[in-house]
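These protein sequences, in sequence, are chains U and P.
Heads up, the first sequence is in this note's numbering, so the first residue is 1 and it goes up one at a time.
Heads up, the second sequence is in this note's numbering, so the first residue is 1 and it goes up one at a time.
Each residue gets a CB set at the ideal place from its N, CA and C atoms; glycine is no exception.
If you're wondering where the values come from, they're calculated on a predicted model, not measured in any experiment.
2 protein chains.
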Amino acid sequence: MELGYFVSPAASRLATGKTKTVGIVVPVLAKWFFGKVIGEAAQALRQAGFDVLLFELSTPGQRSRFFASKHLSGRTDGILMIALQPSATELEALAGQGQAVALIGAFAPGLGSVSVDDVSAGRDAVRYLLNLGHERIAFIGILEKESTNLGGIPPKRRLAGYREALAEAGMPDRPTLKVFEENSVAGGASAMTRLLAAGRAPTAAFVVSDEMAFGALMVLRQAGLDIPGDFSVLGFDNHELAEVVGLTTMDHDVAQQGREGAAILLEAMGGSVPAIRTIPTRLVIRETTAPPHYLRHRPPETMETEITPDTPAGREGTQ
Amino acid sequence: MELGYFVSPAASRLATGKTKTVGIVVPVLAKWFFGKVIGEAAQALRQAGFDVLLFELSTPGQRSRFFASKHLSGRTDGILMIALQPSATELEALAGQGQAVALIGAFAPGLGSVSVDDVSAGRDAVRYLLNLGHERIAFIGILEKESTNLGGIPPKRRLAGYREALAEAGMPDRPTLKVFEENSVAGGASAMTRLLAAGRAPTAAFVVSDEMAFGALMVLRQAGLDIPGDFSVLGFDNHELAEVVGLTTMDHDVAQQGREGAAILLEAMGGSVPAIRTIPTRLVIRETTAPPHYLRHRPPETMETEITPDTPAGREGTQ
DNA sequence: CATCGAGTTGCAAGCGCTTGCGTTAATTCT
DNA sequence: AGAATTAACGCAAGCGCTTGCAACTCGATG
């Protein structure tokens, strides 16, 4: 019974009610982040003897259908939701089908989850730009279209971090410096376009995703601006290609999030108390950030090459 | 029986022997291409009433384990293999478990498959560089490490296309201009480094994947070379970020490959004769290609902006 | 040596569905 | 309207496993 596993899963499911299968739910697949985290989580889950079913909820229709029909019972024992903030009724629907649930990049009362410490990451990112001497720092965030469910909580928390850093430094939080667009290269491009078209342009931008930052960089280059001389860009994710572009970015261990998410789901299915874990972030300085050109003659006051926030990975009581 | 679908899948599987589930098998997940094609295929499969199980075979161990144990029977009705060239014994193992099989980006006798017309795509790409006036055109391909199963057939066929174009033009096929590395940004970077370090450097390179092309571009820029003035780079895939970098590349409809792969698997599970389809490619000219600098004063002989090969999508008798 | 307890083994019930067959109701033709 | 054909319906068997219980074996103890 232990080695050959020639048992018929169907029969054993019927008899036990356990499917030995989990569902991984993502808003999109064709993004580096999701591939990475799914891959890592799936491997851990598979190692624990679970099959993994994939669900992509890229439209509101798919999302509501997924939660509406109770097709999960008998199909999966648990659900790992990635970058999707479930509503109370959605959570109920899942619970009603006897599903254990774990979240990556989201929170829910009573559920286990992993996420990065977005507010401190946002704060650190903006602090760094402030230390460089920037005074007009833009924030490029993710637009919450109802037709998409990307975004969710993390970008909001990064915005909170942005505000904190500004407040700390006694800088005003100007509404005109905050723009929100779809989370994609194109979205980042149009956000930067809007920023440049507005009255007084900023000298730096904190962009909540590297993909958007790529788009932003593209329009800056097309506009003939020198990076980082005329404009600094700081991204988020440490995307696989951030290095190619030389993008300064906020790194967080994506693979670890996948692994921890899997572990937490496993615990939840085992009936353990749900853990809430936080992944640390780390600023990776590359070539898209520098003091603003009007300060170029003297070196910035601080010039660390790497900042690791003092929030270690571990259990936290947040939420 | 049609609407509510409150049936217990386990019981129905037991009774019918059909699982209404298919497996999608990929060598890696954390790549744009795979996310895209899986997403599209999964959606089509799901629409047809199938659940999709995900299998990532990123190591030779995982691969052999996957084919060795007969854990598929009773789990899936069919397998969609993406960018994985199955061996004869692997195919037997699958057939022995009653699995229908469809391939994306690979071929096998008697099996349905979709793939791009790699040889004509490679030929077109290199023809374009030749038309631009390049005389030393490098080929950056994928190294077949036994520890990875990426690559496979398509890159080999692209190389064949490269050779054909060179032969047509009466140009020699110099071994020193062909380098092979791992399919990644880093691999592309080291390939280009080797090319620049060698005796007489080429003036252009045809790179079999955009990711490698990104790496190649990175070292060219670091080397202080002007692109496309000093060096032209032509990629493959039309990666989501190719536009950001301005990379000239060979585009092929990735989503369509996913859809067609799903359709073919569905047909195969329905007992139809397996179809072998080919996806057309299309050269997308951007800013990384130009005539070599020593020809800059006069315009190139031909300067199309887009070449659509005359091989339409459709059934073919190849293989 | 007999008895009791612990450990082992085998058996049958049942998980919830599908499927074919026998039965009954509905429908059509003469 | 009666018989024959067809459609609808319900019933029981069985898919291959798990699991609890009964029967049994073995070892240890009084």
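Three or more beta-carbon pairs under 8 Å between the segment 9 to 27 of chain U and the segment 9 to 23 of chain P, yes or no? These segments touch.
Output needed in chain order: residues of the segment 41 to 63 of chain P with a Cβ under 9 Å from some Cβ in chain U. Listed by position, the residues of the segment 41 to 63 of chain P near chain U (Cβ gap below 9 Å) are Ala42, Gln43, Arg46, Asp51, Val52, Leu53, Leu54, Phe55, Glu56, Ser58 and Gln62.
Of the residues P:Arg75, P:Glu90 and P:Pro109, the one placed nearest P:Ala322, counting alpha carbons only: Shown here, chain P extends from 1 to 319; a query on residue 322 of chain P therefore has no answer.
Taking DSSP's pairing of strands, which residues face P:Lys178 in a bridge? In the second sequence, counting from the first residue as 1, residue 178 of chain P sits at position 178. Here P:Lys178 is bridged, per DSSP, to P:Phe139.
Comparing the C-beta of U:Glu240 with each C-beta of chain P, is any distance below 8 Å? Counting from 1 along the first sequence, the entry for residue 240 of chain U is found at position 240. So yes, U:Glu240 belongs to the interface.
Check whether the Cβ atoms of U:Asn238 and U:Val208 lie closer than 8 Å to each other. Here residue 238 of chain U refers to the residue found at position 238 when the first sequence is read from its first residue. Here residue 208 of chain U refers to the residue found at position 208 when the first sequence is read from its first residue. Taking 8 Å as the cut-off, the Cβ atoms of U:Asn238 and U:Val208 do not count as close.
Indicate whether the contact test is met: 3 or more Cβ pairs, each with one atom in the segment 36 to 53 of chain P and one in the segment 248 to 259 of chain U, closer than 8 Å. Cβ pair count under 8 Å is below three, so no.
Please check the pair P:Ala216 and P:Val233, which I expect to be a contact at CB under 8 Å, by giving their CB distance rounded to whole angstroms. The residue you call residue 216 of chain P lines up with position 216 of the second sequence. The residue you call residue 233 of chain P lines up with position 233 of the second sequence. So it is a contact: roughly 6 Å between Cβ atoms.
Can you confirm whether P:Ile82, when its beta carbon is compared against all beta carbons of chain U, has any partner nearer than 8 Å? The residue labelled residue 82 of chain P in the question sits at position 82 within the second sequence. Chain U contact via Cβ: absent.
Name the two residues that bound the continuous alpha helix (DSSP H) containing U:Glu287. Taking the first sequence and counting its residues from 1, the one referred to as residue 287 of chain U is at position 287. It is not in any alpha helix (DSSP H) - U:Glu287 carries neither H nor E in the DSSP assignment.
Tell me whether the segment 181 to 201 of chain U and the segment 256 to 269 of chain U touch, counting them as touching only if at least three CB pairs, one residue from each stretch, are closer than 8 Å. Too few Cβ pairs lie closer than 8 Å, so no.
Using the C-alpha atoms, what's the distance from P:Ala290 back to P:Ile61? For the purposes of this step, residue 61 of chain P is identified with residue 61 of the second sequence, where counting begins at 1. For the purposes of this step, residue 290 of chain P is identified with residue 290 of the second sequence, where counting begins at 1. Here residue 61 of chain P turns out to be Gly, not Ile, going by the sequence shown. P:Gly61 and P:Ala290: Cα-Cα distance of roughly 44 Å.
Anything in chain P within Cβ reach of U:Leu29, meaning under 8 Å, just list it in chain order. The residue you call residue 29 of chain U lines up with position 29 of the first sequence. Residues of chain P passing the Cβ test: Gly35, Lys36, Ile38, Gly39 and Ala42.
What residues in the segment 177 to 201 of chain U have a beta carbon less than 8 Å from any beta carbon of chain P? Against chain P - using a Cβ distance shorter than 8 Å - the residues of the segment 177 to 201 of chain U are Val185.
Any non-hydrogen atom of the ligand MG within 7 Å of P:Val185 CB: Looking at this structure, you won't find the ligand MG or any other ligand, since it has none at all.
Which residues in chain U sit within 9 Å of P:Gly215, going by Cβ to Cβ distance? Here residue 215 of chain P refers to the residue found at position 215 of the second sequence. The contacting residues are Val244.
Quick check on the burial criterion: 16 or more other C-beta atoms within 10 angstroms. Buried or exposed for U:Val114? Locating residue 114 of chain U in the first sequence gives position 114, counting from the first residue. So U:Val114 counts as buried.
Would you check if the segment 190 to 199 of chain U and the segment 155 to 164 of chain U touch, i.e. whether three or more CB-CB distances between them fall below 8 Å? Contact fails: fewer than three Cβ-Cβ distances are below 8 Å.
Ordered along the chain, which non-local residues of its own chain (more than five positions away) have a Cβ less than 8 Å from that of U:Val22? Position 22 of the first sequence, counting from 1, holds the residue named residue 22 of chain U. Correct list, in chain order: Leu45, Phe50, Asp51, Val52, Leu53, Thr76, Asp77, Gly78, Ile79, Leu80, Leu265 and Met269.
Beta-carbon proximity of U:Leu247 to U:Ala223, cut-off 8 Å: Indexing the first sequence from 1 puts residue 247 of chain U at position 247. Indexing the first sequence from 1 puts residue 223 of chain U at position 223. One thing to note: U:Leu247 has its Cβ no nearer than 8 Å to the Cβ of U:Ala223.
Does the distance from the CB of P:Ala93 to the CB of P:Arg123 come in under 8 Å? On the second sequence, residue 93 of chain P is found 93 positions in, with the first residue counted as 1. On the second sequence, residue 123 of chain P is found 123 positions in, with the first residue counted as 1. Their beta carbons are not under 8 Å apart, which means P:Ala93 does not touch P:Arg123 by this criterion.
Between which residues of its own chain and U:Glu287 is the CB-CB distance below 6 Å, once the five residues before and five after are set aside? Within the first sequence, numbered from 1, the residue matching residue 287 of chain U stands at position 287. Gly246, listed in sequence order.
For P:Ala121, which option in P:Thr281, P:His134 and P:Ala167 has the closest C-alpha, if you only look at C-alpha atoms? The residue given as residue 121 of chain P occupies position 121 in the second sequence. Measuring from the Cα of P:Ala121, the nearest candidate turns out to be P:Thr281.
Bridge partners of U:Ile79, per DSSP? Here residue 79 of chain U refers to the residue found at position 79 when the first sequence is read from its first residue. Looking at the DSSP assignment, U:Ile79 forms a beta bridge with U:Gly23 and U:Val101.
Min CB distance P:Pro274 to chain U below 8 Å: Sequence index remark: in the second sequence, residue 274 of chain P carries index 274 (1-based). False, the Cβ-Cβ gap to chain U never drops below 8 Å.
Between U:Pro9 and chain P, is the shortest Cβ-Cβ distance under 8 Å, so that the two count as touching? By 1-based counting over the first sequence, the position of residue 9 of chain U is 9. Yes - at least one Cβ of chain P is within 8 Å of the one on U:Pro9.
Which term fits U:Asp173, buried or exposed, when burial requires 16 or more other beta carbons within 10 angstroms of its beta carbon? One-based indexing of the first sequence puts residue 173 of chain U at position 173. Its Cβ having fewer than 16 others within 10 Å, U:Asp173 is exposed.
Which two residues bound the contiguous alpha helix (DSSP H) that contains P:Ala354? There is no way to answer for residue 354 of chain P, as the model of chain P reaches only from 1 to 319.
Selected residue, minimal CA-CA separation from U:Glu267, among U:Arg136, U:Val185, U:Pro175 and U:Ala102: For the purposes of this step, residue 267 of chain U is taken as residue 267 along the first sequence, with counting starting at 1. Comparing Cα-Cα distances from U:Glu267 to each of U:Arg136, U:Val185, U:Pro175 and U:Ala102, the minimum goes to U:Ala102.
State yes or no: is the beta carbon of U:Gly74 nearer than 8 Å to at least one beta carbon in chain P? As a working note, residue 74 of chain U is residue 74 in the first sequence. With 8 Å as the cut-off, U:Gly74 counts as an interface residue toward chain P.
Let me see if you follow: with CB-CB separation under 8 Å, is U:Arg65 close to chain P or not? What you label residue 65 of chain U is simply residue 65 of the first sequence in a count that begins at 1. Chain P contact via Cβ: absent.
Report yes if the CB atom of P:Ser73 is closer than 8 Å to the CB atom of P:Gly98, and no otherwise. Your numbering for residue 73 of chain P matches position 73 in the second sequence. Your numbering for residue 98 of chain P matches position 98 in the second sequence. Yes. Within cutoff.
Mapping the DSSP letters down to three states, classify U:Phe66 as helix, strand or coil. Position 66 of the first sequence, counted from the start, is the residue given in the question as residue 66 of chain U. DSSP, read as helix, strand or coil, puts U:Phe66 in helix.
Give a yes or no on whether 8 Å exceeds the smallest Cβ distance from P:Lys327 to chain U. Residue coverage of chain P in this structure runs from 1 to 319, which leaves residue 327 of chain P outside it and unanswerable.
Chain-order list of residues whose beta-carbon lies under 7 Å from that of P:Ala169 (same chain, five-residue window excluded): What you label residue 169 of chain P is simply residue 169 of the second sequence in a count that begins at 1. Leaving aside the five residues that flank P:Ala169 on each side, the residues in its chain whose CB is nearer than 7 Å to its CB run, in chain order, Leu130.
Quick one: grab the DSSP three-state call for P:Thr16. The residue you call residue 16 of chain P lines up with position 16 of the second sequence. For P:Thr16, the three-state secondary structure derived from DSSP is helix.
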